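Let me begin by presenting the structure, written as structure tokens, before commenting on it.
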Amino acid sequence: IRYQTLFADIEQFNEVQAKLFNDCVFSDASLVVSAPTGSGKTTIFLLAIMQELIKVNWPETEKEIRLIYVAPTRALCSEIFEKWEEKFSQLAMRCCEVTGETSVTDLAELEKYHIILTTPEKWDSLTRRWRENINFLMSVRLVMIDEIHLLNEARRGAALEATISRIKIGALKSGHTVRLIGISATLANVQDVAKWFGEANTKAYTISINSHGSGVVERIVTIALGEEESFFKVDAIMNWRLPGILERYWDGKPTLVFCGTRMCAENTVKYLMKNFDVGLRADQEKLLESVTNEIFNRDLRECVRMGIGFHHGGLTIGDRLIVEHMYRTGNLPVLVCTQTLAMGVNFPAHLVIVKAPSPISATEMLQMTGRAGRVGLTSDCGVAVILTRTCH
Numbered sequence: 079i080r081y082q083t084l085f086a087d088i089e090q091f092n093e094v095q096a097k098l099f100n101d102c103v104f105s106d107a108s109l110v111v112s113a114p115t116g117s118g119k120t121t122i123f124l125l126a127i128m129q130e131l132i133k134v135n136w137p138e139t140e141k142e143i144r145l146i147y148v149a150p151t152r153a154l155c156s157e158i159f160e161k162w163e164e165k166f167s168q169l170a171m172r173c174c175e176v177t178g179e180t181s182v183t184d185l186a187e188l189e190k191y192h193i194i195l196t197t198p199e200k201w202d203s204l205t206r207r208w209r210e211n212i213n214f215l216m217s218v219r220l221v222m223i224d225e226i227h228l229l230n231e232a233r234r235g236a237a238l239e240a241t242i243s244r245i246k247i248g249a250l251k252s253g254h255t256v257r258l259i260g261i262s263a264t265l266a267n268v269q270d271v272a273k274w275f276g277e278a279n280t281k282a283y284t285i286s287i288n289s290h291g292s293g294v295v296e297r298i299v300t301i302a303l304g305e306e307e308s309f310f311k312v313d314a315i316m317n318w319r320l321p322g323i324l325e326r327y328w329d330g331k332p333t334l335v336f337c338g339t340r341m342c343a344e345n346t347v348k349y350l351m352k353n354f355d356v357g358l359r360a361d362q363e364k365l366l367e368s369v370t371n372e373i374f375n376r377d378l379r380e381c382v383r384m385g386i387g388f389h390h391g392g393l394t395i396g397d398r399l400i401v402e403h404m405y406r407t408g409n410l411p412v413l414v415c416t417q418t419l420a421m422g423v424n425f426p427a428h429l430v431i432v433k434a435p436s437p438i439s440a441t442e443m444l445q446m447t448g449r450a451g452r453v454g455l456t457s458d459c460g461v462a463v464i465l466t467r468t469c470h
């Protein structure tokens, strides 16, 4: 099969992918999908891309074709770009990452690319003068929106809504069709979003969190303090509880600890360095010691040596990439991060601990706890532990 290289790393489609296969490949209908975290939603995008390539007989076609992937964070764009660049280069397709950290300011700079990975804010700014770039926009055949539940967020949702609306208006004015695929793990109002996409030609799916075979055991640990106690006091007490939780549940397997702020993440790491022994193997110690020479942040260098890292937006790109690689390869067993990472890179874990000294929405909580026991990435049931005040 001409496009089988897109799925070279997949032995067989899982239940979610199989259920959506026909609608992705044999239909032009737009899709809104709410499916569990870790159920292989990126493959759904690849199926939709394959359908577009089949339609134009790529690469023999002389038609222009552009496909847009929109994700909420630069980190997620970078992760998908890294995977897709190699896949699509084998089909003579060029990928381009366009985020706030790139210098692209005009759509004309993207004419040589076929697949563009971007954030809502960046694409919003690039397409505001859409009438001046109508030919470029007419070549857009497919728009894939990852984590589409961001539409419900007051701050980030506006840019995403403007982006999708402008795509719809541009298609209407120019008379061409754009297929929209929106996917989320926590979108409750799939029918409403489908209606907004265009009810007559949009299918909506909500797939049960239990239907794909992932097991996550949740534990809730309450901190008996009232609302009058400060955020930082509650957070410090939660740190005091962490070593015992780790000893009980982590079993030496990949662990994520989510914190509310950058400062809390770094303070949590400092506490664990003094009060928890990761028990690194000799080969891990040697490897981590060698990579510390490449780390810019002094505090990060010190904790990485002990097998504990932190990850947040205040780190340099280089430091973040080192931490991500060390965690994914299993050489950095414990990673403490801010809650924004739940919408960022694809970090699986056996154990997820959420420190919640202040209220967290159900959507955000599901994004974080859904990292535990992800399908195909951990072999057994995951554990999610939520630390919260009694009153929450």
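Each residue of the sequence shown is one higher than the one before, counting from 79 in the numbering used here.
Built from N, CA and C at the ideal position, the CB exists for glycine as well.
No experiment lies behind these values; they were computed from the predicted model shown.
Host alpha helix (DSSP H) of residue i (start-end)
i, result
"residue 101", "93-103"
"residue 373", "Counting along the chain, residue 373 falls outside any alpha helix (DSSP H), and DSSP gives it neither H nor E."
"residue 257", "Run containing residue 257: none in the alpha helix (DSSP H); it sits in the beta strand (DSSP E), 257-262."
"residue 342", "340-353"
"residue 450", "No alpha helix (DSSP H) contains residue 450, which DSSP labels as neither H nor E."
"residue 215", "212-216"
"residue 154", "152-167"
Sub-8 Å separation of residue i and residue j beta-carbons
i, j, result
"residue 413", "residue 334", "yes"
"residue 428", "residue 331", "yes"
"residue 323", "residue 464", "no"
"residue 136", "residue 84", "no"
"residue 362", "residue 385", "yes"
"residue 426", "residue 467", "no"
"residue 433", "residue 336", "yes"
"residue 221", "residue 245", "yes"
"residue 218", "residue 195", "no"
"residue 122", "residue 95", "yes"
"residue 268", "residue 283", "yes"
"residue 355", "residue 373", "no"
"residue 261", "residue 113", "yes"
"residue 88", "residue 145", "no"
"residue 416", "residue 227", "no"
"residue 115", "residue 445", "yes"
"residue 237", "residue 202", "yes"
"residue 200", "residue 235", "no"
Integer Cβ distance of residue i from residue j, believed to fall under 8 Å
i, j, result
"residue 188", "residue 174", "6 Å"
"residue 197", "residue 264", "The pair is not a contact, with the Cβ atoms about 19 Å apart (cut-off 8 Å)."
"residue 134", "residue 143", "6 Å"
"residue 482", "residue 103", "With the chain running from 79 to 470 in the structure shown, residue 482 is simply not present."
"residue 252", "residue 315", "Residue 252 to residue 315, Cβ: 58 Å. No contact."
"residue 259", "residue 223", "7 Å"
"residue 475", "residue 388", "Nothing in the structure corresponds to residue 475, since the chain is present only between 79 and 470."
Residue i in three-state terms, based on DSSP
i, result
"residue 224", "strand"
"residue 403", "helix"
"residue 85", "helix"
"residue 280", "strand"
"residue 378", "helix"
"residue 238", "helix"
"residue 291", "Because residue 291 sits at a pLDDT of 44, beneath the cut-off of 50, its placement in the model cannot be relied upon, and the following sentence gives the value as read from the coordinates. Here residue 291 sits in coil by DSSP."
"residue 110", "strand"
"residue 285", "coil"
"residue 196", "strand"
"residue 356", "coil"
"residue 459", "coil"
"residue 472", "Residue 472 lies beyond the stretch modelled for the chain, which goes from 79 to 470, so this question has no answer here."
"residue 365", "helix"
N-terminal and C-terminal residue of the beta strand (DSSP E) that residue i is part of
i, result
"residue 441", "Run containing residue 441: none in the beta strand (DSSP E); it sits in the alpha helix (DSSP H), 440-447."
"residue 141", "Segment: none, residue 141 is in no beta strand (DSSP E) and carries neither H nor E."
"residue 337", "333-337"
"residue 174", "173-176"
"residue 514", "No information on residue 514 is available, as it lies outside the stretch 79 to 470 that the chain covers here."
"residue 430", "429-434"
"residue 388", "386-389"
"residue 312", "Run containing residue 312: none in the beta strand (DSSP E); it sits in the alpha helix (DSSP H), 309-327."
"residue 180", "Neither: residue 180 is in no beta strand (DSSP E) and is coded neither H nor E."
"residue 410", "Here residue 410 belongs to no beta strand (DSSP E), and DSSP marks it neither H nor E."
Other residues of its chain near residue i: CB distance less than 7 Å, five sequence neighbours each side excluded
i, result
"residue 351", "381, 384, 386"
"residue 101", "107, 109, 281"
"residue 159", "173, 175, 195"
"residue 225", "149, 150, 262, 421"
"residue 327", "429, 461, 463"
"residue 165", "83, 84"
"residue 309", "435, 436"
Chain B within 8 Å of residue i, Cβ atoms only
i, result
"residue 314", "Included in the structure is just one protein chain, with no chain B present."
Contacting residues, own chain, Cβ-Cβ under 6 Å from residue i (five flanking each side not counted)
i, result
"residue 404", "410"
"residue 141", "134"
"residue 204", "185"
"residue 313", "342, 435"
"residue 349", "317"
"residue 147", "195, 222"
"residue 275", "108, 258"
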